[in-house]
Structures are given as C-alpha cells and as structure tokens.
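Be aware that the sequence shown starts at 1, since it is given in my numbering, and climbs by one per residue. From the three backbone atoms N, C-alpha and C, an ideal C-beta is built for every residue, glycine too. Let me begin by presenting the structure, written as structure tokens, before commenting on it.
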Amino acid sequence: MTARLECHDLVCGYGSITIVRQFELSADSGGVVAVLGPNGAGKTTLMNTLAGLLPRLGGEVLVDGQPLRSGRPAAASDAGVVLVPDDRALFMTLTVRENLEAARRKDSPKASDMIAVFPTLESRWNVTAGACSGGEQQMLAVARALVQKPKVLLIDEMSMGLAPVIVEDLLPRVRHIADETGAVVVLVEQHVQLALEIADEALVVVHGDTVLRGPATQLAADPARLEAAYLGAASPQDANR
C-alpha cells in the first residue's frame, strides 16, 4: 500500500543555506505526525517547503506515490497539500463565511459544513475575521484548509498566541479531523505533551537534523529522552533507534 505522504532525503533551506537535512517521513491516510523541536530548528522552513512555497534543495516529496514539483505551491495545492501557516493568513476584512467561500473548491465540502467541525463559528458567521478572537481565527484558518479537501494538512504552530485552555480544546479536534477525512496531518507544535496525545508518530528536529523519532505514545512515556533531544544531547543516529 502506498503511503499518502512520503519525504525522502528532503533538504530544505534558502539558496545555498541549508536549514533542514535529510528529512524522512512516511505517513498513511489518517495519520497525525507531530514535528517538535526548539525555536529555530527549521520546522517552519520544512512546512513551507512541503507546501511548495520554498524550492527543495534536495530529495523528493510524494503524495499518493506521485512526486511533487519543487517550489510550486499551485502544484502542491492541486495534489492536495494545504498549509495552515503560523500567522493564519486570513482575509481580516472578510467575514467568516466569505473567508471559507473564497477558499472552497467546487467538489469540496460546503462552507456551512464547517460549523459541525467548529460550532463556535456559527455565531461568528457574518463577523469579519479581524473581529474574531485568536481562538476563533485559528478555527477559521483550519476550517478554510478543510474546505479545500486536503490529502495532506500542514498545521504550523496552531497554539501560537492562544491561551492553554483554548489549545486543549483545539488540538484534539486535529485528531478527529484526521480520523474523519483521512488526511495526513503534519503538526508543528510547542505544546509537546498535548501534541503527543493526539499524534501517531512524533519526531524532534534540532538544528535541522531529526534527532529523535518514534511512536508518540513511546516518546510521551520517556520525557527524559525528549528533554535530552531538545537540549541537543541526542544525535541524528538516535532517530533510527
């Protein structure tokens, strides 16, 4: 069976500057992969490269066994790769409904279907995105991605700027989205334990290297190993143990 998302020897960066080295990933439909690591590790660069916003410096990315063209966001979108960026990138002067309608594809779920996923949006339906709270904006950003019917959903720092209680409500919905839609979700997240609770697999990236990876449940049960990885006490070889 072909994996939904594959990365082989992926190298990411800017021009001659390498940020992420030899990144490997294989995820089946409905899988949630948590990409963890300290600030500056290269996680956002990785996400932007997967979304085609940055050209690859090496390696390949495949969706359903088909290679993606490097540095072509439209091609990535056509293949079903959708990014929720860390700044949400909403149209702040458009209403919640208008943001969803603007992103929706012809064969995709209706904008109103997103109310079932995020019931809070119903009361904000005709309110501009700029007048919504941070949590409501993040719900809208994810809902806008879902109306594009993603095969691969990339979520970069869902919790950025949000109160912990809101994050505790939002992150479990990511698990539900993967289960219901069959999309692979690649989640960059600083709330480590919450991310591990919903993920199938997790990996830690430090200074561009994958220094630790494994089933999320195993990593959650070994906080000392996680801490060592974050502090740079692990090596890329540990990722293969």
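Out of ASN39, ALA221, HIS191, the CA that lies nearest to the CA of PRO164 is found in HIS191.
When beta bridges are read from the DSSP output, ILE198 appears opposite no residue. For GLN218, the enclosing alpha helix (DSSP H) begins and ends at 216-220. In the DSSP annotation of this structure, the continuous segment of the alpha helix (DSSP H) that includes ALA74 starts and ends at 73-78.
Secondary structure note for THR128: it is in no beta strand (DSSP E), with a DSSP letter that is neither H nor E. When C-alpha distances from ASP87 are compared across VAL32, ASP169, ASN48, the shortest belongs to ASN48. About 5 Å separates the CB atoms of ILE155 and LEU187; that is less than 8 Å, so the two are in contact. Along the stretch 138-211, the alpha helix (DSSP H) occurs as fully enclosed runs of 4 or more residues at 164-181, 192-198, listed in sequence order. CA-CA distance, VAL211 to VAL185, rounds to 21 Å. In this structure, PRO215 keeps its C-beta atom at 8 Å or more from the C-beta atom of ILE198. Counting along the chain, the unbroken beta strand (DSSP E) around ALA27 starts and ends at 17-27. About 12 Å separates the beta carbons of GLY52 and GLY80, which is beyond the 8 Å limit, so they are not a contact pair.
Around the Cβ of PRO150, a 10 Å sphere holds 16 or more other Cβ atoms; the residue is buried.
Boundaries of the beta strand (DSSP E) around LEU10: 5-14. Looking at the backbone, the Cα of GLU157 and that of THR128 are separated by about 23 Å.
Excluding its 5 nearest sequence neighbours in each direction, LEU62 has C-beta neighbours in its own chain below 6 Å: GLU6, listed in chain order.
When the alpha-carbon of VAL82 is set against those of LYS110, VAL204, VAL147, the nearest one is in VAL147.
The closest CA to that of VAL84, considering only CYS12, VAL174, VAL20, PRO38, is found on VAL174. Of the residues assessed, SER159 falls on the buried side of the cut-off, its CB having 16 or more other CB atoms within 10 angstroms.
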